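Residues in the sequence shown are numbered consecutively from 1, following this note's numbering.
Just so it is clear, CB atoms sit at the ideal spot from N, CA and C, and this is done for glycine as well.
None of the values given here were measured: they were computed from a predicted structure.
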Amino acid sequence: MFLKLRRRLTHESRANQLEEEIRELRRKHKEELHGALMHQELLQKELERERAARLDQERAVSLQSSAVPDQSPRTRQSSGSFDNAWAIWKKAIFCKQLWTHLNSSERRIVGEGAVSPYYMKSVTSSTFEAALRQKEGELASYASRLASMESIRDSLAEELVKMTAQVRLCWSPSITLPRGPLNFCFSFLY
Numbered sequence: 001m002f003l004k005l006r007r008r009l010t011h012e013s014r015a016n017q018l019e020e021e022i023r024e025l026r027r028k029h030k031e032e033l034h035g036a037l038m039h040q041e042l043l044q045k046e047l048e049r050e051r052a053a054r055l056d057q058e059r060a061v062s063l064q065s066s067a068v069p070d071q072s073p074r075t076r077q078s079s080g081s082f083d084n085a086w087a088i089w090k091k092a093i094f095c096k097q098l099w100t101h102l103n104s105s106e107r108r109i110v111g112e113g114a115v116s117p118y119y120m121k122s123v124t125s126s127t128f129e130a131a132l133r134q135k136e137g138e139l140a141s142y143a144s145r146l147a148s149m150e151s152i153r154d155s156l157a158e159e160l161v162k163m164t165a166q167v168r169l170c171w172s173p174s175i176t177l178p179r180g181p182l183n184f185c186f187s188f189l190y
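Right, here's the structure in full:
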C-alpha cells in the first residue's frame with residue numbers, strides 16, 4: 001500500500017511537472033506567436049511601402065519620359081530639370097528606406113545618410129524586385145514557423161490530456177481509501 005501511494009505521488013508530481021512545463025511552453029509559444037505576428041505585420045507594411053515607392057518612382061520616370069514635345073526649349077528645359085530633381089529626390093528617399101532595412105554589408109550609404117550619386121545611378125528595378133522577393137521569402141518563413149509552433153502546441157495539449165487521464169486512472173483506486181492528509185491534498189482530482 002505504501003508503494004502504491006508512493007507511485008501515485010510520483011505520477012502526480014510528474015503530471016504536475018508536465019502541466020507546469022506545458023504552461024511555460026504555452027506562454028513562450030504565445031510570446032513567440034505574438035512576436036512573429038508583429039514581425040510579419042511590419043514586413044507586410046514595409047513591402048507595401050516599398051511597392052508604393054517603386055510605383056511612385058516608375059510614375060515619375062514615365063512622366064519624365066512622356067514630356068510634351070511641342071513646348072518651347074526654355075520651358076521644356078526648366079520643366080525637365082524640375083521633373084529630374086523630383087525623380088531623383090523620390091529615388092533617394094526610396095533608396096534610403098530600402099537600404100536601411102537591408103543588412104549593413106549591402107548598404108552603400110556615404111556619410112550621414114546621404115546617398116552617393118554613383119550608387120543612385122547603379123540602382124535598378126531588378127535590385128528592388130530582389131529586395132521585395134527577399135521580404136516575401138521572410139514572410140513565408142515566418143508563416144511556416146508559425147504553423148510548426150501551432151502543431152507543437154497541439155501535440156503538447158494531447159500529451160497533457162493523456163497524462164491527466166493516466167493520473168486519474170492511478171488515483172481512482174484511492175477513492176476507497178480512508179481520507180487521510182495525503183488523500184485530502186489530492187482530492188481535486190476526483
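When Cβ pairs closer than 8 angstroms are counted between the two stretches, the region 158 to 175 is seen not to touch the region 47 to 58, the count staying below three. Residue state for Thr124 is assigned as coil, using DSSP reduced to three classes. Going by beta carbons, Leu139 and Glu19 fall outside the 8 angstroms limit. Each residue's CA atom was taken as its position, placing Arg14 and Leu169 some 14 angstroms apart. Our two residues, Met38 and Glu46, have alpha carbons roughly 12 angstroms apart in a direct line. Between Leu146 and Leu33, the C-beta gap is smaller than 8 angstroms, which places the two residues in contact. Relative to Glu150, the option among His11, Glu21, Asn16 and Ala36 whose CA is nearest is Ala36.
When C-alpha distances from Arg27 are compared across Trp171, Pro173, Ser172 and Arg153, the shortest belongs to Arg153. The beta carbons of Glu50 and Ala143 sit no closer together than 8 angstroms. Note that the C-beta distance between Arg6 and Trp171 is not below 8 angstroms. Contact check for Leu156 against Leu25 passes: the beta carbons are separated by less than 8 angstroms. Straight-line measurement puts the Cα of Ile22 at about 35 angstroms from the Cα of Gln134.
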